[in-house]
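Enquirer:
Numbering (the numbering used here), first residue to last: 2 to 368.
#1: Of the residues 334, 244, 192, 328, which one's Cα is nearest the Cα of residue 256?
#2: Taking the beta carbon of residue 229 as the centre, do at least 16 other beta carbons fall within 10 Å, making it buried, or is it exposed?
#3: With C-beta atoms as the reference, is residue 184 less than 8 Å away from residue 134?
#4: For the alpha helix (DSSP H) containing residue 108, list its first residue and its last residue.
#5: Determine the direct distance from the alpha carbon of residue 170 to that of residue 177, and round the result to whole angstroms.
#6: Per DSSP, what kind of secondary structure is residue 68 in: helix, strand or coil?
#7: Have a look at residue 315 and residue 265 and give me their C-alpha separation to the nearest angstrom.
#8: In angstroms, rounded to a whole number, what distance separates the CA positions of residue 157 and residue 117?
#9: Using C-beta distances below 6 Å, list every residue in its chain close to residue 179, excluding the 5 sequence neighbours before and after it, in chain order.
#10: Smallest Cα separation from residue 128: which of 146, 113, 181, 308?
#11: Is residue 233 near residue 224, with beta carbons less than 8 Å apart?
#12: Nearest CA to the CA of residue 51: which residue from 104, 305, 238?
#13: Reducing DSSP to helix, strand and coil, say where residue 255 ends up.
#14: Are residue 203 and residue 175 closer than 8 Å when you measure CB to CB?
#15: Exposed or buried, what is residue 172 when buried is set at 16 or more other beta-carbons lying within 10 Å of its beta-carbon?
#16: Check whether the Cβ atoms of residue 355 and residue 227 sit closer than 8 Å, and answer yes or no.
#17: Can you find the residues in the same chain that come closer than 7 Å, C-beta to C-beta, to residue 322, ignoring five residues on each side of it along the sequence?
#18: Do you know offhand how far residue 295's Cα is from residue 302's?
#19: DSSP three-state label for residue 297, please.
#20: Would you verify that the beta carbon of residue 310 is, or is not, closer than 8 Å to some beta carbon of chain D?
#21: If you draw a straight line from the alpha carbon of residue 97 to that of residue 318, how long is it in whole angstroms?
#22: Roughly how many angstroms separate the alpha carbons of residue 259 and residue 68, rounded to a whole number?
#23: Looking at the structure shown, is residue 262 part of a helix, part of a strand, or coil, going by DSSP?
#24: Note down, in chain order, each residue of its chain lying with its Cβ closer than 8 Å to the Cβ of residue 49, except the 5 sequence neighbours on either side.
#25: Kindly indicate which residue of 243, 138, 160 has the alpha-carbon position closest to the one of residue 105.
#26: Identify whether residue 329 lies in helix, strand or coil by the three-state DSSP scheme.
#27: Are there 16 or more other CB atoms within 10 angstroms of the CB of residue 287, so buried, or fewer, so exposed?
#28: Of the residues 47, 55, 196, which one's Cα is nearest the Cα of residue 222?
#29: Do the CB positions of residue 346 and residue 197 come within less than 8 Å of each other?
#30: Per DSSP, what kind of secondary structure is residue 373 in: helix, strand or coil?
#31: For residue 65, count neighbouring C-beta atoms within 10 Å of its own C-beta (all shown protein chains included) and say buried if the count is 16 or more, exposed if not.
#32: Quick one: Cα of residue 357 to Cα of residue 168, how far?
#33: Less than 8 Å between C-beta atoms, sequence neighbours within five positions excluded: which residues of the same chain meet that for residue 213?
#34: Run through DSSP, which three-state label would residue 247 get?
#35: Taking a contact to mean a Cβ-Cβ separation below 8 Å, would you say residue 413 touches residue 119 in this structure?
#36: Name the residue from 324, 342, 344 whose alpha carbon lies nearest to the alpha carbon of residue 112.
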């Protein structure tokens, strides 16, 4: 690291280009272009989040078409744990034509293992990959991880025919690959998005989760009843996910400095608003303060509760709609997506409210 002097001020040649008095972008007077490189990164992260939730939710609908419900009902009726038939009188929910049963006679507990195996892998890699990505960069952890998720998604039909343990292993590996999506997305948003835009941009990215669910569930239902059958669900979405991974790895960069396509003015704008100081190391993580922070544990518990309800509803709702409410697979996918459509629309609206509050109410408090 070398020290130079410009206009009587010392500065360092470090990772980021220094923003000095002469070349500072006046953020108040000159706004950046309406769609810059940071917006493209945000859009790619949105698609990545949508792809991640597509890969985890498509099994929730596809398993309805994979399972032989008639065989399970007949088998369960002979034992003590029969399937609930209290809504049997609502036959109007069923399609006018008889839908063909699937080929797998999986009891409800086996179906639960299939649906949950993804999440066992998913929870294992989030924290380790989050730590490693801070040291080695986020792009490859996110891109390669999602590539593994997508490629193994293509193997789901083959593994299901090979045996239940093969299917569980494939879904578990898919979960391992998707683990970096949240920590790496957090880190990239912190490097690319100015604080005054972060609520709006962050909400747009994470709204990809609901968008992906809204796309995945109805389309999975339509593909399951098509002439290509339930395997097409995994072939279509696995291919789409693989294409996204290739474009992400080629076009998205770790930070504004390493991107060759970013406009110089936008790069300086991002640096100024993020308050980047050249020549200084990243501060250490205050683990002791975090572990003694009541707001941290409040957010942690609230997020755990949110995820429990979100993931349980997303995973089990299609099966409930089929076995209990007797909806057809096509209607099942559409109706199961409705809560997430409402959530997606409302999250976009509330993000603008949050940015407005940050920009206006804080100023009023300071006055």
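Ideal Cβ placement from N, Cα and C applies to all residues, glycine included. Nothing here was measured: the structure is a model prediction, and the numbers come from that model.
Expert: So, from the data block:
#1: 192
#2: exposed
#3: yes
#4: No alpha helix (DSSP H) contains residue 108, which DSSP labels as neither H nor E.
#5: 11 Å
#6: strand
#7: 43 Å
#8: 15 Å
#9: Closer than 6 Å at Cβ, skipping near neighbours: 53, 123, 150.
#10: When each option's Cα is compared against that of residue 128, the closest is 181.
#11: yes
#12: 238
#13: It is coil, neither helix nor strand.
#14: no
#15: buried
#16: no
#17: 328, 333, 336, 337
#18: 11 Å
#19: Residue 297 falls in the helix class under three-state DSSP.
#20: Within the model displayed, chain D is absent; a lone protein chain is all it includes.
#21: In this prediction, residue 97 has a pLDDT of 41, which is less than 50 and means its spatial position is unreliable; nothing more can be read from the coordinates.
#22: Taking the Cα positions, residue 259 is about 49 Å away from residue 68.
#23: coil
#24: 143, 147, 182, 186, 209, 245, 249
#25: 160
#26: coil
#27: exposed
#28: 55
#29: no
#30: Lying outside 2 to 368, the shown extent of the chain, residue 373 is not represented and no answer is given.
#31: buried
#32: 47 Å
#33: So the list reads 50, 51, 52, 53, 54, 55, 58, once near-sequence residues are dropped.
#34: Helix.
#35: The structure shown does not extend to residue 413, since the chain is modelled only from 2 to 368, so the question has no answer here.
#36: Of the residues 324, 342, 344, the one whose Cα lies closest to the Cα of residue 112 is 324.
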